[in-house]
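Going by this note's numbering, the first residue of the sequence shown is number 130, and it counts up by one from there.
Worksheet: the structure to be examined is printed underneath.
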Amino acid sequence: MAAKPRPTVRRIELGYELRQLRERAGMTLEDVAGSGAIKGLYVTKLHRVEKGLQDLRSAGDLRALLELYGVTDDRDVDQLLHIQRDGSSQDWWTPFRSTMPSGMPRFVGIETAARETWAFHPALVLGLLQTEAYARALYELAKPIEETTSEFIEKNVQVRLRRKDALTRDEEPLRLRAVLYEPALRYVVGNPEVMREQYEEIAELASLPGVSVQVLPQTLRGYLSVHDFTILHLDDGMPTSVQVDNAWSATSVSDKPREVGRFTRKFNALTASALPPEDTPAFLQQLTREITK
130 MAAKPRPTVR RIELGYELRQ LRERAGMTLE DVAGSGAIKG LYVTKLHRVE KGLQDLRSAG
190 DLRALLELYG VTDDRDVDQL LHIQRDGSSQ DWWTPFRSTM PSGMPRFVGI ETAARETWAF
250 HPALVLGLLQ TEAYARALYE LAKPIEETTS EFIEKNVQVR LRRKDALTRD EEPLRLRAVL
310 YEPALRYVVG NPEVMREQYE EIAELASLPG VSVQVLPQTL RGYLSVHDFT ILHLDDGMPT
370 SVQVDNAWSA TSVSDKPREV GRFTRKFNAL TASALPPEDT PAFLQQLTRE ITK
């Protein structure tokens with residue numbers, strides 16, 4: 130499947146460039162907001178634009194900012210205007226936004242544009258590796274607890290399957306390094322047939338050139354993260370981000386170097402304790418034999 134337009138990352142790219150230009154010009158957010166160069170551009174809005182959380186829809190506003198920052202080269206201006214136009218278009222997940230948890234749209238947008246993802250989950254199979262049956266069974270299990278609807282389940286299953294397309298798209302497929310905790314693999318979601326299909330799917334995806342799957346054994350005596358997390362590596366020059374879920378079903382994404390560094394150390398510790406990727410197929414085959422007895 131071909132790569133799709135990536136508006137979220139274009140907004141992040143534009144915001145990153147604008148932040149660099151502002152700092153190079155020796156200006157603070159307050160300086161820009163107080164300059165009067167753009168009517169209605171408050172500190173909060175400019176901060177959101179620089180973080181890629183909000184569009185700067187007006188080409189006139191962008192030109193005014195660039196003039197304020199001393200950017201006069203026509204090629205530089207045209208390039209940033211092109212990025213702005215791309216960032217103003219809709220993401221593929223926009224029709225599903227109403228049923229997505231807080232913070233999830235931004236995460237999916239960044240994930241769609243990532244070149245490589247490192248991920249760990251202590252309780253479930255990672256979303257990027259889930260089958261439709263496994264994902265649907267998870268949502269059905271949570272339905273009476275979360276008081277969700279059948280429409281909610283259908284839309285979220287569609288989003289989950291669409292996210293998986295990144296691993297097999299024709300143009301620059303997403304590279305994935307995943308660590309799966311053994312108890313998560315042994316947790317029976319749905320029924321044994323659902324799990325058998327899920328094990329086969331993990332093995333098939335793990336055979337892709339850009340996918341590495343390691344199993345963290347439950348006999349582990351080393352470091353174990355009790356929270357799931359995903360580290361998203363974008364193109365060179367763009368900030369790496371880390372995503373975590375919380376108990377309120379919200380998703381948090383941060384590109385703060387300190388947080389990214391902390392979770393990178395977590396992932397490196399987990400991969401060091403996990404079984405090597407070449408052991409994964411045999412491990413999954415053993416689980417299949419056990420569950421189908």
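Each residue gets a CB set at the ideal place from its N, CA and C atoms; glycine is no exception.
All values derive from a computational prediction rather than experimental measurement.
Keeping to the same chain, check which residues put their C-beta closer than 6 Å to that of residue i; ignore five residues upstream and five downstream.
i: residue 233; result: 380
i: residue 352; result: 398
i: residue 190; result: 167
i: residue 140; result: 181 and 216
i: residue 171; result: 162
i: residue 179; result: 144, 147 and 148
i: residue 104; result: Only positions 130 to 422 of the chain appear in this structure, which leaves residue 104 out of reach.
i: residue 386; result: none
i: residue 369; result: 362 and 389
i: residue 204; result: none
i: residue 330; result: 260
Compare the beta carbon distance of residue i and residue j with 8 Å and say whether it is the shorter of the two.
i: residue 289; j: residue 313; result: no
i: residue 247; j: residue 412; result: no
i: residue 267; j: residue 318; result: yes
i: residue 316; j: residue 252; result: yes
i: residue 295; j: residue 241; result: yes
i: residue 177; j: residue 161; result: no
i: residue 169; j: residue 144; result: no
i: residue 340; j: residue 409; result: no
i: residue 185; j: residue 213; result: yes
i: residue 138; j: residue 363; result: yes
i: residue 354; j: residue 371; result: no
i: residue 257; j: residue 292; result: yes
i: residue 360; j: residue 342; result: no
i: residue 287; j: residue 249; result: no
i: residue 235; j: residue 301; result: no
i: residue 321; j: residue 421; result: yes
i: residue 206; j: residue 195; result: yes
i: residue 332; j: residue 406; result: no
Which residues does DSSP list as the beta-bridge partners of residue i?
i: residue 310; result: 345
i: residue 245; result: 304 and 362
Within its chain, find whatever has a CB closer than 7 Å to the CB of residue i; leave out the 5 residues flanking it on each side and keep chain order.
i: residue 228; result: 281, 284 and 285
i: residue 346; result: 311 and 404
i: residue 146; result: 209
i: residue 262; result: 319, 323 and 326
i: residue 154; result: 198 and 199
i: residue 85; result: Beyond the ends of the chain as shown, which are 130 and 422, falls residue 85; an answer cannot be given.
i: residue 349; result: 402
i: residue 393; result: 360
So is the beta-carbon of residue i under 7 Å away from any non-hydrogen atom of the ligand FAD?
i: residue 370; result: As for the ligand FAD, it is missing from this structure, which has no ligand bound.
Please return the same chain residues whose Cβ sits closer than 8 Å to the Cβ of residue i, not counting the five positions on each side in sequence.
i: residue 136; result: 215, 216, 217, 218, 219, 220 and 238
i: residue 142; result: 181, 212, 216 and 367
i: residue 416; result: 314, 315, 324 and 328
i: residue 175; result: 158, 161 and 162
i: residue 277; result: 268 and 271
With H, G and I counted as helix, E and B as strand and the rest as coil, what does DSSP make of residue i?
i: residue 409; result: helix
i: residue 262; result: helix
i: residue 146; result: helix
i: residue 399; result: helix
i: residue 418; result: helix
i: residue 404; result: coil
i: residue 385; result: coil
i: residue 294; result: helix
i: residue 393; result: helix
i: residue 137; result: helix
i: residue 275; result: helix
i: residue 132; result: Low per-residue confidence applies at residue 132: pLDDT is 44, beneath 50, and the placement is therefore not dependable enough to give any value.
Does chain D have any CB closer than 8 Å to the CB of residue i?
i: residue 224; result: Annotation note: the requested chain D is absent from the structure, which comprises a single protein chain.
Residue ranges of each alpha helix (DSSP H) run of no fewer than 4 residues wholly in the segment 317-383, ordered along the chain?
321-335
With a floor of 3 residues, list each beta strand (DSSP E) that falls wholly inside the segment 183-259, ordered by position along the chain.
245-250
Report the residue ranges of all alpha helix (DSSP H) runs contained in full by the segment 150-179; include only those spanning at least 4 residues, in chain order.
158-164 and 172-179
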